[in-house]
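Student: From first to last, the protein sequence lines stand for chains D and B. Numbering-wise (my numbering), the first sequence opens with residue 229 and increments by one. Numbering-wise (my numbering), the second sequence opens with residue 229 and increments by one. Please see the structure below; I have some questions.
Number of protein chains: 2
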Amino acid sequence: MAATQHAARRAPLSRDRVLEAAVALADETGIDSVSMRKLGEALGVEAMSLYNHVANKGDLLDGMVDVVFSEIDLPSGENWKVAMRQRAISARQVLGRHRWAIGRMESRASPGPATLRHHDAVLGCLRGAGFSIEMTAHAYSVLDSYIYGFALQEANLPFDDAEETAQVAEEILGQFGAGEYPHLTELAMEHVLQPGYDYGNEFEVGLDLILDGLERAVSGA
Amino acid sequence: MAATQHAARRAPLSRDRVLEAAVALADETGIDSVSMRKLGEALGVEAMSLYNHVANKGDLLDGMVDVVFSEIDLPSGENWKVAMRQRAISARQVLGRHRWAIGRMESRASPGPATLRHHDAVLGCLRGAGFSIEMTAHAYSVLDSYIYGFALQEANLPFDDAEETAQVAEEILGQFGAGEYPHLTELAMEHVLQPGYDYGNEFEVGLDLILDGLERAVSGA
DNA sequence: TACGGTACACTTACGGCGTAAGTATTGTCA
DNA sequence: TGACAATACTTACGCCGTAAGTGTACCGTA
Numbered sequence: 229m230a231a232t233q234h235a236a237r238r239a240p241l242s243r244d245r246v247l248e249a250a251v252a253l254a255d256e257t258g259i260d261s262v263s264m265r266k267l268g269e270a271l272g273v274e275a276m277s278l279y280n281h282v283a284n285k286g287d288l289l290d291g292m293v294d295v296v297f298s299e300i301d302l303p304s305g306e307n308w309k310v311a312m313r314q315r316a317i318s319a320r321q322v323l324g325r326h327r328w329a330i331g332r333m334e335s336r337a338s339p340g341p342a343t344l345r346h347h348d349a350v351l352g353c354l355r356g357a358g359f360s361i362e363m364t365a366h367a368y369s370v371l372d373s374y375i376y377g378f379a380l381q382e383a384n385l386p387f388d389d390a391e392e393t394a395q396v397a398e399e400i401l402g403q404f405g406a407g408e409y410p411h412l413t414e415l416a417m418e419h420v421l422q423p424g425y426d427y428g429n430e431f432e433v434g435l436d437l438i439l440d441g442l443e444r445a446v447s448g449a
Numbered sequence: 229m230a231a232t233q234h235a236a237r238r239a240p241l242s243r244d245r246v247l248e249a250a251v252a253l254a255d256e257t258g259i260d261s262v263s264m265r266k267l268g269e270a271l272g273v274e275a276m277s278l279y280n281h282v283a284n285k286g287d288l289l290d291g292m293v294d295v296v297f298s299e300i301d302l303p304s305g306e307n308w309k310v311a312m313r314q315r316a317i318s319a320r321q322v323l324g325r326h327r328w329a330i331g332r333m334e335s336r337a338s339p340g341p342a343t344l345r346h347h348d349a350v351l352g353c354l355r356g357a358g359f360s361i362e363m364t365a366h367a368y369s370v371l372d373s374y375i376y377g378f379a380l381q382e383a384n385l386p387f388d389d390a391e392e393t394a395q396v397a398e399e400i401l402g403q404f405g406a407g408e409y410p411h412l413t414e415l416a417m418e419h420v421l422q423p424g425y426d427y428g429n430e431f432e433v434g435l436d437l438i439l440d441g442l443e444r445a446v447s448g449a
């Protein structure tokens, strides 16, 4: 049949090609518009053909998350603080590039190989720097919580630049009497709406606070 | 008609009743099974009737998130550190009770009144304790990032108790040669799988590390 | 008491979703 | 050449959100 011959001439599908296309589609049009049909269309294929390469939609999402993980720099260098700092910054960058990913880290029971490799490298860096197992667990928990939480907040900001910020702030505050949320209003007026404000700058402030705290904890022990 | 008389005898719907039922349904059966049809069924009503009380499904989700926020204790007392600590613990409890909520804080452009009230109270506590506006912004960012991130990780743990933990760890590690992820294996064997382990215990460790860091930053300025 | 408006639950219908099941066409190796 | 494994295709089912329109019960006013 003509359709099938056409298919034969196409570059063949593979799990990697499917995942890559899905990530690109999610980046461009949002995770909600990643459906099997639309993904198939993007690949020049019917929806059901994708099932030759992913088990189901959950498997697709798991795979997409693992692709994201694979983009995060592994920690490197002998100085744990520098390595952790650099990894955190890379993670935030990657999660900013794929804003749909942060809410779907709920891959839960099925972490992919890149995910496992990443976690193993982080643990190895800390253990190699002399952290006890318990201290490693503490550091791992507080750092990852902070990174994911910051990325989550950043992904959910309803604005991307100063102009939008002003617009949104006006909208929200304008709905209420000026006195109803005085501290929110103050922060908006005297900080967020000032020229040069960028929420992203907060990331390294908090990160350094945590890294310094860890350093103190580890040297005090 | 009989059906309508029946409806008349029913306690009338209201936005609050709809939101409450939706939250309960999500808690019991997961957010994915909160559909307009199933929610209607839970309330003894057809799906379309819900549209008299919520604008659409997005509005429903926004409202559900605001219900969750309303359950978090507002900070109280004159000691900012105690107040922030207690609020953080309450937030984690609430987010643990409604695990579906953390990924859907993407209410983005439309925070509800409880959400705004909560944020305003947090800011007021810090400003009242003498934090500068900038320092308030730092504290707010690092604390909320940590709380959300921790809740996110906790919500995504594929296990709830020690038994499940062992089972999942075995499954994951069993898929690979023992040497493939040595540090992950070590952490699992010598820490996570030890009796008495509970990831939740990490929360206050990281929280206190951050609060101490903030205290040092604020007293040093 | 009668009446008009409002509130609100109902039915029907549409297009999109994930995916189970079955069919057809290829490229590969005996 | 003929059989087999891959893999793309079609069809169909029961969900989903929700636009549009219908009917009834209640309330304030005359």
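We put the CB at the ideal spot given by N, CA and C, even for glycine.
(1) Under 8 Å Cβ to Cβ from L308/D, same chain only, skipping five residues before and after it: list those, please.
(2) Under three-state DSSP, which class holds V433/B?
(3) Are there 16 or more other CB atoms within 10 angstroms of the CB of R325/B, so buried, or fewer, so exposed?
(4) Taking DSSP as the reference, what is the three-state secondary structure of Y425/D?
(5) What in chain D is Cβ-close to I300/B, meaning under 9 Å?
(6) For the putative contact between V370/B and G434/D, defined by C-beta atoms under 8 Å, what is the C-beta separation to the nearest angstrom?
(7) Of the choices A394/B, D440/B, I375/B, whose alpha-carbon is the least far from that of S318/B?
(8) Counting only runs that start and end within the region 264-307 of chain B, where is the alpha helix (DSSP H) found for 4 or more residues in a row?
(9) Measuring alpha carbon to alpha carbon, tell me which of D436/D, T393/D, E256/D ends up nearest A445/B.
(10) Among V251/D, G286/D, R313/D, N284/D, which has the Cα closest to the Cα of A270/D?
(11) Quick check on the DSSP output: what are the complete alpha helix (DSSP H) runs of length 4 or more inside the region 355-428 of chain B, in order along the chain?
(12) Which class does A329/D belong to by DSSP, given the choice of helix, strand or coil?
(13) By DSSP, does G352/B sit in helix, in strand, or in coil?
(14) How close, in whole Å, do the beta carbons of L323/D and A329/D come, if the pair is a contact with beta carbons under 8 Å?
(15) Taking Cβ positions, are T364/D and F297/D nearer each other than 8 Å?
(16) My guess is that Y425/D and A390/D are in contact by the Cβ rule of under 8 Å, so how many angstroms apart are they, rounded?
(17) Just reading off the alpha helix (DSSP H) that D255/D is part of, what are its end residues?
(18) Hey, how far is the Cα of R332/D from the Cα of V293/D?
(19) Indicate the three-state DSSP secondary structure (helix, strand or coil) for G340/D in the structure shown.
(20) Figure out for me which residue from V350/D, L415/D, R327/D has the closest Cα to the Cα of Y383/D.
(21) Reducing DSSP to helix, strand and coil, say where V262/B ends up.
(22) Hey, would you say R441/B sits closer than 8 Å to D440/D, going by beta carbons?
(23) Given E400/B, which residues of its chain have a CB within under 6 Å of its CB, disregarding the five upstream and five downstream residues?
(24) Rounded to whole angstroms, what's the CA-CA distance from S261/D to H419/D? Just pull it up for me.
(25) Under 7 Å Cβ to Cβ from L278/D, same chain only, skipping five residues before and after it: list those, please.
(26) Within 8 Å (strictly less), CB to CB, does V433/B reach chain D?
(27) Distance cutoff 8 Å, beta carbons only. Does D395/B sit that close to anything in chain D?
(28) What is the rounded straight-line gap between the Cα of G286/D and the Cα of Q395/B?
(29) Any C-beta of chain B sitting closer than 8 Å to the C-beta of A445/D?
(30) How many Å lie between Q314/D and F431/D at the Cα?
(31) Going by the beta-carbon positions, is the gap between L302/D and H411/B smaller than 8 Å?
(32) For chain D, is any of its Cβ atoms less than 8 Å away from the one on L247/B?
(33) Can the beta-carbon of L241/D be found closer than 8 Å to that of V282/D?
(34) Whose Cβ in chain B lies nearer than 7 Å to the Cβ of H346/D?
Tutor: Taking the structure as given:
(1) The residue you asked about is not Leu; residue 308/D is Trp in the sequence shown. Cβ within range, chain order: C353, L354, G356, A357, F359.
(2) DSSP places V433/B in helix when its eight states are reduced to three.
(3) exposed
(4) coil
(5) Those do not exist, as I300/B stays about 15 Å from chain D at its closest Cβ, beyond 9 Å.
(6) 3 Å
(7) Nearest C-alpha to S318/B: I375/B.
(8) 264-270, 285-298
(9) D436/D
(10) V251/D
(11) 361-384, 390-402, 410-415
(12) Secondary structure at A329/D: coil, using DSSP grouped into helix, strand and coil.
(13) It is helical.
(14) 6 Å
(15) For the pair T364/D and F297/D, the CB atoms are not nearer than the 8 Å cut-off.
(16) 7 Å
(17) 243-257 is the extent of the alpha helix (DSSP H) around D255/D.
(18) Near 7 Å, if we compare the C-alpha coordinates of V293/D and R332/D.
(19) coil
(20) Correcting the residue type first, residue 383/D is Ala in the shown sequence and not Tyr. When only C-alpha atoms are compared, the closest one is R327/D.
(21) Judged by DSSP in its simplified three-state form, V262/B adopts coil rather than helix or strand.
(22) Note on residue identity: the sequence assigns Gly, not Arg, to residue 441/B. In contact: G441/B and D440/D (Cβ atoms closer than 8 Å).
(23) For the record, residue 400/B in the displayed sequence is Ile; it is not Glu. Nothing listed; no residue qualifies.
(24) 36 Å
(25) Same-chain partners within the cutoff: V246, M264, L267, G268.
(26) yes
(27) The residue asked about is misnamed: residue 395/B is Gln in this sequence, not Asp. False, the Cβ-Cβ gap to chain D never drops below 8 Å.
(28) 21 Å
(29) yes
(30) Here the alpha carbons of F431/D and Q314/D stand approximately 12 Å from one another.
(31) no
(32) No Cβ of chain D is located within less than 8 Å of the beta carbon of L247/B.
(33) no
(34) Ordered by position in chain B, no residue passes the 7 Å Cβ test against H346/D, which lies about 10 Å from the chain.
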